[in-house]
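Below you'll find the structure, written out as structure tokens, and then a few comments.
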Amino acid sequence: MVIDQERTRVIHRDMHADLPIVERGEGIYLFDEDGNRYIDGSGGSSAVTAIGHGVPEVVDAITEQLSKIACSPTHAFSTRAVEECAQLIVEEFSPEGFGKVWFVSGGSEAVENAIKMAIQYHRDRGNGTRHMIIGRWGSYHGGSFATLAAGGNAARRAKYAPNLMHTEHIPACHAYRSQCNRNGSECDLSCAHQLEYVIKQVGADNVAAFVAEPVVGATLGASPASDGYFQTIREICDRYGVLFIADEVMSGFGRTGMKMGIDHWGVKPDLIATAKGISGGYTPLGAVITSPEIVGEVRQRGASFVIGHTASGNPLSCATGVAVMRYILDNNLIENARDTGAYFQQSLRQLMERHEIIGDVRGIGLLAGVELVADRATKTPFPVELRVSKQISLETQSRGLISYPLQGSADGVSGDHILYAPPLIITRGQVDDLVSVLDESLTAISPKLMAYVS
Ligand SMILES: Cc1ncc(COP(=O)(O)O)c(C=O)c1O
0 MVIDQERTRV IHRDMHADLP IVERGEGIYL FDEDGNRYID GSGGSSAVTA IGHGVPEVVD
60 AITEQLSKIA CSPTHAFSTR AVEECAQLIV EEFSPEGFGK VWFVSGGSEA VENAIKMAIQ
120 YHRDRGNGTR HMIIGRWGSY HGGSFATLAA GGNAARRAKY APNLMHTEHI PACHAYRSQC
180 NRNGSECDLS CAHQLEYVIK QVGADNVAAF VAEPVVGATL GASPASDGYF QTIREICDRY
240 GVLFIADEVM SGFGRTGMKM GIDHWGVKPD LIATAKGISG GYTPLGAVIT SPEIVGEVRQ
300 RGASFVIGHT ASGNPLSCAT GVAVMRYILD NNLIENARDT GAYFQQSLRQ LMERHEIIGD
360 VRGIGLLAGV ELVADRATKT PFPVELRVSK QISLETQSRG LISYPLQGSA DGVSGDHILY
420 APPLIITRGQ VDDLVSVLDE SLTAISPKLM AYVS
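Position one of the sequence shown corresponds to residue 0 (numbering that gives the first Met the number 0), numbered consecutively onward.
And the structure:
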């Protein structure tokens with residue numbers, strides 16, 4: 000049974016979709032009210048359900064915290080839960096030397112607050128002109144106005160473009176469809192050097208921070224940076240006194256086989272924005288992790304950050320975060336993301352031999368993207384109106400696999416891709432099941448799609 004979009008009182012993300020009602024989850028599986036089972040292939044809508052569904056340790060931790068205190072006046076108290084959660088993040092998941100954590104309720108708030116903290120850091124040091132954020136095209140940092148502005152997801156920005164604050168953008172580092180070095184087959188890091196060019200154009204004294212996803216998630220379908228990219232970004236930021244914010248909302252907490260995505264490049268950002276995997280979707284939680292200098296500069300002047308939300312430092316969510324992070328550590332899930340993730344990437348890549356419509360498979364660990372093309376040799380995307388990724392995701396869902404369908408990976412508008420981010424507990428056998436459902440789905444749907452474009 001699916002919900003009736005005419006009668007429901009809920010405004011759904013897709014107000015035209017036939018949505019079944021999911022009743023419960025167990026491990027990597029979801030079950031709907033009719034008893035159908037689905038692999039949670041995209042991990043919630045994307046990269047949220049880090050440790051799978053129904054983990055008893057997390058349910059117990061939440062119940063225990065609920066019975067003690069669920070919400071506290073944060074202007075008047077701290078809680079054991081928030082203190083413990085920050086300590087675990089700093090000691091077990093952050094780059095060496097990182098010192099403090101600010102808690103929020105999700106990814107947009109985390110990135111937005113990181114931006115505000117960067118601006119206040121400069122302002123409190125007497126550099127009040129440093130107000131501007133530089134982001135990248137082909138990125139997503141959230142749905143609030145500031146994060147939409149800093150992000151470069153053309154489709155999600157379009158309807159609000161006139162309302163967005165002024166930000167500058169450089170091209171993404173995207174190996175499959177590089178906007179830089181168009182004549183060469185290898186990335187020559189000219190995309191990273193664009194940052195220096197833009198800083199010079201707008202004046203370094205005006206720039207507060209540069210923000211980037213270490214592995215671009217939704218917008219480009221799990222596109223990791225080239226070797227040397229983030230080292231070059233770090234050098235440029237240091238040269239011009241610009242802070243580097245790493246958006247680890249998708250790539251953090253073991254998803255890519257390292258604690259944080261940026262660890263693959265051995266680079267330390269100044270601020271890290273996180274959410275999703277930190278609490279595995281059990282309760283809403285996000286966090287900004289900072290180097291001690293950022294906090295020190297503000298605190299030594301007797302100030303505090305002028306940020307705050309009702310759910311900042313919510314004890315229930317922080318207790319959930321502690322339980323989820325402990326589960327990740329105790330069950331070696333970062334290692335599993337690395338090993339099973341490599342197997343997953345390889346299995347997806349093997350599908351290219353059987354399916355001409357797969358143009359590219361990319362990603363790291365258990366964050367993977369599959370780009371669909373009408374012509375592999377020329378990388379020609381399918382027409383936008385064909386909604387190829389959506390059609391494929393409906394096909395996989397009908398066969399028991401949830402895929403996350405997206406568009407815009409070719410030029411911001413066209414280009415269909417599917418994102419996979421299964422829970423970090425997934426086994427090789429379950430990867431085989433996931434990939435074989437995708438295989439069957441592509442076999443079923445490809446002739447129809449190719450007939451449309453031939
Ligand atoms: C990289 C990245 N940053 C920020 C966000 C925004 O997070 P939220 O949807 O929790 O506000 C997302 C959401 O998908 C994301 O993928």
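For glycine and all other residues, C-beta sits at the position ideal for the given N, C-alpha and C. Source: prediction; values computed, not measured.
- Relative to GLY362, the option among HIS130, ARG6 and ALA174 whose CA is nearest is ALA174.
- If you check the CB distance, GLU384 and ILE444 do not come in under 8 Å.
- Distance from the CA atom of PHE76 to the CA atom of ILE277, rounded to whole angstroms, is 23 Å.
- A direct Cα-to-Cα measurement between GLY256 and PHE92 gives close to 12 Å.
- It is roughly 15 Å from the alpha-carbon of PRO422 to the alpha-carbon of LYS258.
- Restricting attention to VAL54, LEU29, ASP33 and GLY134, the CA atom closest to the CA of GLY42 is found in LEU29.
- DSSP, read as helix, strand or coil, puts ARG298 in helix.
- For ASP123, the enclosing alpha helix (DSSP H) starts and ends at 106 to 123.
- Excluding sequence positions up to five before and after ALA302, its CB lies within less than 7 Å of the CB of ASP123, all in the same chain and listed in chain order.
- Fewer than three beta-carbon pairs drawn from the stretch 260 to 277 and the stretch 66 to 74 are found closer than 8 Å, and the two stretches are therefore not classed as touching.
- The criterion of a C-beta distance shorter than 8 Å is satisfied by GLY98 and SER290.
- With a cut-off of 7 Å, the C-beta of SER45 is classified as near ligand 1, since at least one heavy atom of the ligand falls inside that distance.
- DSSP places THR319 in the helix class (H, G or I) of the three-state scheme.
- Taking a cut-off of 8 Å on C-beta distances, the stretch 142 to 157 does not touch the stretch 332 to 344, as fewer than three cross pairs fall below it.
- When beta bridges are read from the DSSP output, HIS168 appears opposite GLY134.
- Boundaries of the alpha helix (DSSP H) harbouring GLY340: 332 to 349, taken from the DSSP string.
- Beta-carbon to beta-carbon, CYS186 and SER225 are separated by about 4 Å, close enough to satisfy the 8 Å threshold.
- Taking all protein chains shown into account, ARG129 has 16 or more neighbouring C-beta atoms within 10 Å of its C-beta and is therefore buried.
- Just measuring C-alpha positions, the residue of GLY411, ILE306 and GLN349 sitting nearest GLU108 is ILE306.
- Comparing alpha-carbon positions, the option among ALA160, LEU18, PHE304 and GLY53 lying closest to HIS74 turns out to be PHE304.
- The residue among HIS416, VAL241 and SER316 with its C-alpha nearest the C-alpha of GLN119 is VAL241.
- DSSP places ILE444 outside any beta strand (DSSP E); the residue lies instead in the alpha helix (DSSP H), whose first and last residues are 427 to 452.
- Counted as a single uninterrupted DSSP element, the stretch harbouring THR73 is not any alpha helix (DSSP H), since DSSP gives it neither H nor E.
- Beta-bridge annotation (DSSP): HIS192 is not paired with any residue.
- Within the chosen limit of 7 Å, ligand 1 reaches the beta carbon of VAL248 through at least one heavy atom.
- ILE232 and ASP246 have their C-alpha atoms spaced approximately 14 Å apart.
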